[in-house]
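Residue numbers (our numbering): 1 to 518. Just so you know, even glycine gets a beta-carbon here, dropped at the ideal spot from N, CA and C. The model shown is predicted, which means the values in this text are computed figures rather than measured ones. As structure tokens, the structure follows; a few thoughts come after it.
Here it is, written out as structure tokens:
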């Protein structure tokens with residue numbers, strides 16, 4: 001059976017960490033974690049202040065320390081809000097030291113169809129969790145139904161419910177897991193069993209559960225001294241949270257260019273999947289950056305534009321409006337003979353379905369997505385396409401729903417988005433002010449490079465030049481090449497590395513150790 005290559009490439013910058021998920025060398029997900037942001041990540045828990053309940057919206061605006069108030073809807077309060085509020089009040093006042101909930105009496109649940117002003121009032125403190133990061137002009141979306149996610153389990157305080165992932169199909173396995181959880185779960189806590197728990201034994205699940213209980217107790221301890229509003233619980237590091245959510249036994253490699261992240265990742269895998277520790281590799285080639293080595297920069301530049309090329313000449317046009325995303329499928333310069341039109345349409349639509357599933361994950365597109373596939377008159381072909389699209393999107397962690405194709409060939413998809421959409425500029429400014437600089441600009445930059453080289457060559461024995469691929473090609477191709485002329489002039493061979501990430505006018509000199517020469 002064919003083995004899919006699944007690799008996670010982690011690149012560390014001065015204040016950002018980039019995570020690229022590759023499937024057979026093809027980029028399917030891209031995440032960026034910025035250390036300088038105020039920090040409103042999905043899953044973070046804050047002690048917050050109710051600013052004002054709004055009966056018309058049946059929701060409250062809540063101060064979580066962001067410049068825009070967070071939005072808390074009545075349906076996101078959770079049935080045991082009164083118990084949570086009472087517990088929070090006692091813990092922050094220092095009147096409760098047992099955080100296990102074993103002896104903590106539950107209050108009556110709130111009315112499912114109640115009104116926000118019945119249960120919340122201005123200036124109250126409440127524990128909330130980020131369920132949607134701030135997007136565009138909106139503040140974060142929050143919930144007061146808390147959950148702590150582990151590798152196999154999700155711990156839900158102030159609940160007694162045990163639920164099993166719907167993706168576990170075997171009834172026998174579901175029953176086994178439910179029975180096991182009912183015997184080991186602590187009183188006052190509910191548990192959601194994740195898909196990866198399938199087939200796992202009680203020791204592994206107990207270890208995960210204990211880890212989550214430790215996190216809960218740490219959170220409660222922080223509450224006693226926390227300012228209102230402030231974060232009381234967040235992921236320790238992004239590498240662990242990404243791994244927890246995307247990692248499974250099918251991964252074949254994890255490559256990291258940072259010492260600290262490399263050891264953190266190894267430690268985390270040692271805990272959750274010791275047999276897989278060997279796939280974590282430290283990348284320390286100073287001459288070829290990690291994202292260049294795996295052709296990720298090139299894929300980013302070719303994947304995020306308005307037009308996305310696919311195999312056999314077909315392409316997608318992706319447009320964004322305020323209300324929805326529209327994706328148009330085009331066959332390009334394909335044959336249009338009458339007898340092959342239906343077959344061509346199906347072939348192009350299948351290629352497009354696979355690319356669309358990838359694009360939705362890559363850009364983290366959310367809301368309503370309307371796809372205009374090429375018309376197919378055969379209903380069987382429409383069903384084949386629909387089933388194939390569902391299969392291609394089955395790997396997508398975001399909640400989504402796909403409607404069958406309409407008579408016009410339109411397929412509607414709704415996809416949950418919890419983070420801002422990934423948007424990367426793929427067009428670079430014309431380097432020449434007159435707007436006709438395609439030929440002149442490289443010549444100008446060559447002159448600058450030659451002048452800089454002359455300035456630094458006396459003090460540096462070995463020099464490596466990193467430049468945009470066009471510039472690199474210009475310097476190395478032809479006879480005699482610009483590099484050959486440098487060799488004749490300076491009696492020194494200059495190594496040239498093409499860099500997909502660079503703009504046309506960008507270049508940097510490095511020494512043999514990878515240190516930049518100014």
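Taking residue i as the reference, give the member of the options with the closest Cα.
i: residue 211; options: 231, 174, 509, 150; result: 150
i: residue 226; options: 380, 94, 481; result: 94
i: residue 348; options: 140, 505, 328; result: 328
i: residue 377; options: 364, 342, 399, 401; result: 342
i: residue 354; options: 276, 19, 23, 86; result: 23
i: residue 8; options: 265, 219, 346; result: 265
i: residue 282; options: 257, 304, 505; result: 257
i: residue 102; options: 388, 213, 301; result: 213
i: residue 515; options: 463, 132, 467; result: 463
i: residue 247; options: 11, 503, 168, 19; result: 19
i: residue 491; options: 457, 478, 332; result: 457
i: residue 82; options: 375, 169, 158, 55; result: 158
Could you check what DSSP says for residue i in three-state terms: helix, strand or coil?
i: residue 166; result: coil
i: residue 492; result: coil
i: residue 499; result: coil
i: residue 231; result: strand
i: residue 324; result: strand
i: residue 122; result: coil
i: residue 161; result: coil
i: residue 198; result: coil
i: residue 295; result: coil
i: residue 468; result: coil
i: residue 50; result: strand
i: residue 64; result: coil
i: residue 191; result: strand
i: residue 182; result: helix
i: residue 521; result: As shown, the chain starts at 1 and ends at 518. That puts residue 521 outside it, with no answer to give.
i: residue 338; result: With a pLDDT of 45 at residue 338, under the threshold of 50, the modelled position of that residue is not reliable, and no figure is offered here.
i: residue 93; result: coil
i: residue 359; result: helix
i: residue 516; result: strand
i: residue 507; result: strand
i: residue 353; result: helix
i: residue 77; result: coil
i: residue 439; result: Here the model assigns residue 439 a pLDDT of 45, short of 50, so the residue's position is not dependable, and the following value carries that caveat. The answer is coil: DSSP assigns residue 439 none of H, G, I, E or B.
i: residue 482; result: helix
i: residue 226; result: coil
i: residue 273; result: coil
Could you give the distance in angstroms between the alpha-carbon of residue i and the alpha-carbon of residue j?
i: residue 261; j: residue 128; result: 29 Å
i: residue 350; j: residue 153; result: 36 Å
i: residue 358; j: residue 29; result: 8 Å
i: residue 80; j: residue 362; result: 37 Å
i: residue 4; j: residue 201; result: 27 Å
i: residue 42; j: residue 130; result: 5 Å
i: residue 254; j: residue 122; result: 48 Å
i: residue 433; j: residue 459; result: At residue 433 the pLDDT is 48, less than 50, meaning the model places this residue with poor confidence and gives no usable figure here.
i: residue 454; j: residue 286; result: 24 Å
i: residue 517; j: residue 476; result: 21 Å
i: residue 194; j: residue 449; result: 55 Å
i: residue 203; j: residue 470; result: 57 Å
i: residue 232; j: residue 461; result: 52 Å
i: residue 223; j: residue 234; result: 13 Å
i: residue 320; j: residue 417; result: 15 Å
i: residue 36; j: residue 15; result: With a pLDDT of only 46 at residue 36, under the threshold of 50, the placement of this residue in the model should not be trusted, and no figure is reported.
i: residue 205; j: residue 88; result: 28 Å
i: residue 250; j: residue 505; result: 41 Å
i: residue 106; j: residue 322; result: 44 Å
i: residue 326; j: residue 143; result: 30 Å
i: residue 137; j: residue 183; result: 46 Å
DSSP has residue i in a bridge; who is on the other side?
i: residue 18; result: 11, 32
i: residue 307; result: 317
i: residue 415; result: 367, 400
i: residue 253; result: 7
i: residue 129; result: 45, 143
i: residue 155; result: 148, 191
i: residue 330; result: 315
i: residue 281; result: 255
i: residue 26; result: 23
i: residue 372; result: 328, 410
Any 3 or more C-beta pairs closer than 8 Å across the stretch 100 to 120 and the stretch 70 to 82 = When C-beta atoms of the stretch 100 to 120 are compared with those of the stretch 70 to 82, three or more pairs fall below 8 Å, so the two segments count as touching.
Kindly confirm or deny that the stretch 367 to 378 and the stretch 293 to 313 touch, where touching means at least three C-beta pairs closer than 8 Å.
-> In short, these stretches do not touch, since the Cβ pair count stays below three.
Does the stretch 277 to 296 come close enough to the stretch 494 to 503 to have 3 or more Cβ pairs within less than 8 Å?
-> Taking a cut-off of 8 Å for Cβ pairs, the stretch 277 to 296 and the stretch 494 to 503 touch, as three or more such pairs fall below it.
Cβ contact (3+ pairs, closer than 8 Å) linking the stretch 267 to 276 and the stretch 479 to 498 | Contact fails: fewer than three Cβ-Cβ distances are below 8 Å.
Any contact of the stretch 380 to 392 with the stretch 46 to 60, i.e. 3+ C-beta pairs under 8 Å?
-> No: the two stretches stay apart, fewer than three of their Cβ pairs being nearer than 8 Å.
Is the stretch 60 to 68 touching the stretch 387 to 396 in the sense that three or more CB pairs, one from each, lie closer than 8 Å?
-> With a cut-off of 8 Å on Cβ pairs, the stretch 387 to 396 is not in contact with the stretch 60 to 68, counting fewer than three such pairs.
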